[in-house]
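Contents: one structure, followed by commentary.
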Amino acid sequence: MSVTVHMHGNLRRFLPEGRDRTAMEVAPATTIEALLTALGAERDTWLVAVNGATCEKDRVLQEGDLLDCFEPVAGG
212 MSVTVHMHGN LRRFLPEGRD RTAMEVAPAT TIEALLTALG AERDTWLVAV
262 NGATCEKDRV LQEGDLLDCF EPVAGG
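Numbering (our numbering) for the sequence shown: 212 to 287.
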């Protein structure tokens, strides 16, 4: 099944050619955490949202989902 992954900020480094967004084929019942682990981005991703709604990383992805991934933001 196909999902779109949108990496914000420096998380783009985990996608091919440093793109910020890509369509990916994943197996049915794939969780966000499993996808992030496969990309090597699990530890760097602080907040995730699917189709505009924040959720936990154990959420199972569905066909056509848009996964937004955010890193921690530092201020000073």
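Quick reminder that beta carbons are idealized off the backbone N, C-alpha and C, glycines included.
Bear in mind the structure is a predicted one, so any value in this text is a computation, not a measurement.
Uninterrupted alpha helix (DSSP H) stretches at least 4 residues long and entirely within the stretch 216-279 occur at 243-250, given in chain order. In this structure, D276 is the residue among T242, D276 and S213 with its C-alpha nearest to the C-alpha of N262.
Per DSSP, reduced to three states, the secondary structure at V214 is strand. A direct Cα-to-Cα measurement between H217 and A252 gives close to 12 Å. Just so you know, the alpha carbons of W257 and S213 end up roughly 23 Å apart.
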